[in-house]
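Participant: Pasting a structure here, questions to come.
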Amino acid sequence: MRHNKKFNHLGRKSAHRKAMLANMASSLILHKRITTTVAKAKALRMYIEPLITKSKQDTTHSRRVVFSYLQDKDAVSELFRDVSPKIMERPGGYTRILKTGNRLGDNAEMCIIELVDYNENMLEAKESKKASSRRRRGSAKKKATEVNTAEKAVKAETVVEEPAAKETKSETVTEEVNVEESKAEVVDKNDENAEEKKDDKE
Numbered sequence: 209m210r211h212n213k214k215f216n217h218l219g220r221k222s223a224h225r226k227a228m229l230a231n232m233a234s235s236l237i238l239h240k241r242i243t244t245t246v247a248k249a250k251a252l253r254m255y256i257e258p259l260i261t262k263s264k265q266d267t268t269h270s271r272r273v274v275f276s277y278l279q280d281k282d283a284v285s286e287l288f289r290d291v292s293p294k295i296m297e298r299p300g301g302y303t304r305i306l307k308t309g310n311r312l313g314d315n316a317e318m319c320i321i322e323l324v325d326y327n328e329n330m331l332e333a334k335e336s337k338k339a340s341s342r343r344r345r346g347s348a349k350k351k352a353t354e355v356n357t358a359e360k361a362v363k364a365e366t367v368v369e370e371p372a373a374k375e376t377k378s379e380t381v382t383e384e385v386n387v388e389e390s391k392a393e394v395v396d397k398n399d400e401n402a403e404e405k406k407d408d409k410e
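Going by my numbering, 317 is the number at position 109 of the sequence shown; the sequence numbering is gapless.
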């Protein structure tokens, strides 16, 4: 019975399992990414992440503790010299599992497990996405505010111009009426003068 035994035994005895995980952890530290099955990768993640956290303190004691797990001097020196300065600011989650499909022979789920801070392409893509999304959001907001202000200004101008147009129309109508009245007066005067001339002749 496996009461309260939460980790995957991977179908191996404890000595075989520890040796396999130590070997895989050393390979991951030296090569920064390895291809394996998903079950082994999840077991390896539980095995190696505490060792990477331990490497943040570069002391003789922490080196000896890590060496007791890895049993590889090259991997220990690589971990403390190159990997630990790069992951110093990260508070955990040093590895990433990327599934790659099933294996042809036994249809086992395969994946790539890698150190997060060594995948430069993915880091650059994230930075570019953040930068571009910030620019787009800010520019869109600015454009929207500019359009709104322009629309408001146009509406205000039209509201102000309408009464002025009405006034000009009324002024032109009154001027036309005045011109017609003056013409009528001139015609009346001419008629009166003509009548007076006729009376004088008679």
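Note that the Cβ used here is the ideal one computed from N, Cα and C, for glycine as well.
Out of curiosity, what's the CA-to-CA distance linking N231 and K281?
Facilitator: 12 Å
Participant: Do you know whose CA, among V274, H269, L323 and A223, lies nearest H239's CA?
Facilitator: L323
Participant: How about V273 and V284: are their beta carbons less than 8 Å apart?
Facilitator: no
Participant: Go ahead and pull the three-state DSSP assignment for L218.
Facilitator: coil
Participant: Spell out the partners DSSP gives I321 in its beta bridges.
Facilitator: I242 and I305
Participant: Considering only C-alpha positions, which residue in the set M318, E257 and L236 is nearest to M296?
Facilitator: E257
Participant: Measuring CB to CB, does I321 end up less than 8 Å from R253?
Facilitator: yes
Participant: With H, G and I counted as helix, E and B as strand and the rest as coil, what does DSSP make of N212?
Facilitator: coil
Participant: How many angstroms separate the CA atom of A333 from the CA atom of S340?
Facilitator: 11 Å
Participant: Output yes or no for whether 8 Å exceeds the beta carbon distance between K294 and D266.
Facilitator: no
Participant: Have a look at E335 and E286 and give me their C-alpha separation to the nearest angstrom.
Facilitator: 27 Å
Participant: Label L306 either buried or exposed according to how many other C-beta atoms from any shown protein chain fall within 10 Å of its C-beta, with 16 as the threshold for buried.
Facilitator: By the C-beta density criterion, L306 is exposed, having fewer than 16 other C-beta atoms within 10 angstroms.
Participant: Rounded to a whole number of angstroms, what is the C-alpha to C-alpha distance between N329 and A247?
Facilitator: 26 Å
Participant: Taking the alpha carbon of L312 as the point to measure from, which residue in T245, H217, R241 and K214 has its own alpha carbon closest?
Facilitator: T245
Participant: Tell me, to the nearest whole angstrom, how far the beta carbon of E215 is from that of A251; I am working on the premise that it is less than 8 Å.
Facilitator: This sequence places Phe at residue 215; Glu is not what is there. Indeed, because the Cβ distance is near 7 Å, the residues count as touching under 8 Å.
Participant: I'd like the list of long-range same chain contacts for L218, defined as Cβ closer than 8 Å, with 5 residues on each side in sequence excluded.
Facilitator: Short of 8 Å from the beta carbon of L218, and not among the five residues preceding or following it, lie these beta carbons of its own chain, in chain order: R225, M228, A247, K248 and A251.
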